[in-house]
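All residue numbers for the sequence shown refer to the working numbering, where the first residue is 59 and numbers rise by one.
The structure appears right after this line, and notes come after that.
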Amino acid sequence: MQSQILPSRAALVDRIAMQFEYGQNLIALVGPSGLGKSYLAETLITEKYPEFNKAYIQVTAQMKDAELMTQLLQNSFRAPLVDQTQTLSENFFQLYQEQPCGPCFWVLDGARHLSDEFIEQLRILSAKSPVELFILVTAQAPRMLPSALDIHLERLSLSESKQLMAMFFKDLPMDEDPIFQAFLQESHGNPAVLLDWQASQQSNLRTSKPKKSYRWHLVGLTVLLALLLVAMMYQKQIQFYFSEQTASSESLETVLSTEQVLAENIDGQQVLEDQNQPASSPETLFKTDKVSNEHNAPVSNKQSESENVGQRDENAVSAILTALESPTQVVTFKPEESKEKPLETNTSQQVTTTSLSAPKVKTENAADLTELSIQAEPDNKAKQQAQSQDLDLSPTEWLLTQNDSVWAIQLLAVKDKAIANSFVLANELTDVYVYETIRNDIPWWVVIQAPFANIDAARSARQKLPANVLAGQPFFKKFERIKQEIQLVTR
Numbered sequence: 059m060q061s062q063i064l065p066s067r068a069a070l071v072d073r074i075a076m077q078f079e080y081g082q083n084l085i086a087l088v089g090p091s092g093l094g095k096s097y098l099a100e101t102l103i104t105e106k107y108p109e110f111n112k113a114y115i116q117v118t119a120q121m122k123d124a125e126l127m128t129q130l131l132q133n134s135f136r137a138p139l140v141d142q143t144q145t146l147s148e149n150f151f152q153l154y155q156e157q158p159c160g161p162c163f164w165v166l167d168g169a170r171h172l173s174d175e176f177i178e179q180l181r182i183l184s185a186k187s188p189v190e191l192f193i194l195v196t197a198q199a200p201r202m203l204p205s206a207l208d209i210h211l212e213r214l215s216l217s218e219s220k221q222l223m224a225m226f227f228k229d230l231p232m233d234e235d236p237i238f239q240a241f242l243q244e245s246h247g248n249p250a251v252l253l254d255w256q257a258s259q260q261s262n263l264r265t266s267k268p269k270k271s272y273r274w275h276l277v278g279l280t281v282l283l284a285l286l287l288v289a290m291m292y293q294k295q296i297q298f299y300f301s302e303q304t305a306s307s308e309s310l311e312t313v314l315s316t317e318q319v320l321a322e323n324i325d326g327q328q329v330l331e332d333q334n335q336p337a338s339s340p341e342t343l344f345k346t347d348k349v350s351n352e353h354n355a356p357v358s359n360k361q362s363e364s365e366n367v368g369q370r371d372e373n374a375v376s377a378i379l380t381a382l383e384s385p386t387q388v389v390t391f392k393p394e395e396s397k398e399k400p401l402e403t404n405t406s407q408q409v410t411t412t413s414l415s416a417p418k419v420k421t422e423n424a425a426d427l428t429e430l431s432i433q434a435e436p437d438n439k440a441k442q443q444a445q446s447q448d449l450d451l452s453p454t455e456w457l458l459t460q461n462d463s464v465w466a467i468q469l470l471a472v473k474d475k476a477i478a479n480s481f482v483l484a485n486e487l488t489d490v491y492v493y494e495t496i497r498n499d500i501p502w503w504v505v506i507q508a509p510f511a512n513i514d515a516a517r518s519a520r521q522k523l524p525a526n527v528l529a530g531q532p533f534f535k536k537f538e539r540i541k542q543e544i545q546l547v548t549r
């Protein structure tokens, strides 16, 4: 399963396949860097010839002819015994006599790193192979393989350039935008340059929005300064207004009038005297009634208003002083009132019990919360570890430590890591790894299923893959090749 391909590139893939069917077994795909030769070769080997034994090898300067020969033969035959002293064609003919293989399709990415001897061996095999053998080599210049058919990879047109950018960028400027038009023209249809487009290049040139925000900040600052100036001008009036409010509120809450204090003290003294006195006799009751009648009678001789006011103030002051200086009196209850004591003691005991039991409830609740938090922490840690294990699809260090002879199945190769991860999760695959590589200075993410000790184990595992995964034409790859692709990222 590869990404979408442009119409011109799809037509070129069909053209190469048609040349193979016409009998041209050795084809060179020619084009400068950045036009997508590797991507086109991967598309061809993935979508075409599903019944062939396929081998995709990216040739580097450090790769030797013997190593390249071994990889090609291992992808074509089952557990071959390669003789390093013989050439590629001699080994191929000998292995075919021992164990015939099916049709083969080889893709060699990087013709400039091939030696002349190896190019000659490819020519011999393409002409004298006992089985159907298709060889595709990518080159940066024509006539690098003298006996091969050169098919040139052209640059993208203006419309296809816009179509390619629409595949990878959601928000593109309008076609009439002069900056966008200049970028398309200067890229000259090179996909590598087109995919380097950044939306920030367009937005940084438009400064209208920052100006508007600056104006709003200036308006807010002006309003704030105006409010501060008004507050400074009317500072005395504001302080006087707030001081009056605080003084009135404090006086209402704390100050008690003299008449209230007098009334409370007199009432308290009368209650204490009534409780301390024994039962009244008839004579005392008669005297009390007489005194009350005399007190309630109107007074004929009134004193002046000034004397009454002075006497009232003196009585108030004396009452307050006596109330403050008098010691606390012990109230003695009558036997009839003792019946109510058990009820009061029970009530006090209940209150005390409630107040004492409250801390216990709090401590029990706190202990329960602590246990819940302690139990919840391992669950959260387990969930976080499970999530991290699910998302850890790039064990690069582990892949580099594997043996070079181990095999893998390449399932997918895309330029977006999120697409690779969603592909793995959607198909519920096991033993799947995602690693990063560089192709034409562009990061790619490759999904593989590994490891397999030999090619037979890899083929049996390939048959067990889901149908939608097999539709993408996965092919086999050695860990030696995978390590080379991973090392391209660290260079």
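For glycine and all other residues, C-beta sits at the position ideal for the given N, C-alpha and C.
Inclusion of N485 and A137 in the CB contact set at 8 Å is not warranted, their separation being larger than that value. L131 sits close to L153, with the two beta carbons spaced by under 8 Å. Contact fails between the segment 270-278 and the segment 223-240, because fewer than three Cβ pairs, one in each stretch, are under 8 Å apart. Scanning the segment 464-546 from its first residue to its last, the whole beta strand (DSSP E) runs of 3-plus residues come out as 465-472, 490-497, 500-510, 533-536. R497 counts as buried, since at least 16 other C-beta atoms from the protein chains shown sit within 10 angstroms of its C-beta. The continuous beta strand (DSSP E) containing W164 extends over residues 162-167. Beta-bridge analysis with DSSP links Q116 to D167. A buried status is given to G94, since no fewer than 16 other beta-carbon atoms sit within 10 Å of its beta-carbon. Cβ atoms of V117 and P200 stay farther apart than 8 Å, at about 18 Å.
For I237, the uninterrupted alpha helix (DSSP H) segment begins and ends at 236-245. Per the C-alpha coordinates, the member of L203, A206, Q468, K541 positioned closest to T104 is Q468.
For L87, DSSP records a beta bridge to T196, I209. If you draw a straight line from the Cα of D489 to the Cα of S96, it comes to about 27 Å. Secondary structure of N111 (DSSP, three-state): strand.
When M225, P158, Q77, S91 are compared, the shortest CA-CA separation from A197 is found for S91.
The closest CA to that of A113, considering only L126, M121, K122, is found on L126. DSSP places L216 within a helical segment (H, G or I) once states are collapsed to three. Distance between Q144 and T128, taken at the CA atoms: about 11 Å.
About 4 Å separates the beta carbon of Q179 from that of L146, a gap short enough to meet the 8 Å contact definition. Contact annotation: L458 and K541 have beta-carbon atoms nearer than 8 Å.
When DSSP states are grouped into helix, strand and coil, L191 belongs to the strand group.
In the three-state reduction of the DSSP assignment, M202 falls in the coil class. For the 8 Å CB-CB criterion, A476 and F510 do not form a contact. V251 sits in a helix when the DSSP states are folded into three classes. Per the C-alpha coordinates, the member of E234, S187, Q62, D499 positioned closest to S134 is S187. Between Y107 and F150 a beta carbon distance of about 18 Å is seen, past the 8 Å cut, so the two are scored as non-contacting. A contact between stretches requires three or more CB pairs, one per stretch, nearer than 8 Å, and the segment 248-257 meets this requirement with the segment 216-230. Between A525 and V505, the C-beta gap is not smaller than 8 Å, which leaves the two residues out of contact. In this structure, the alpha-carbon of L283 lies about 20 Å from that of Q297.
Across the structure, A516 and V464 are spaced so that their CA atoms are roughly 10 Å apart. Judged by DSSP secondary structure, A69 falls within the alpha helix (DSSP H) whose first and last residues are 65-79. If you look at A137, you'll find it isn't in any alpha helix (DSSP H); DSSP assigns it neither H nor E. Residue state for K122 is assigned as coil, using DSSP reduced to three classes.
CA-CA distance, I85 to L191, rounds to 12 Å. Within its own chain, the residues whose Cβ lies closer than 8 Å to the Cβ of V482, once the five positions on either side in sequence are excluded, are L451, V490, V492, V505, listed in chain order.
Note on R170: under 16 other CB atoms within 10 angstroms of its CB, so exposed under the neighbour-count rule.
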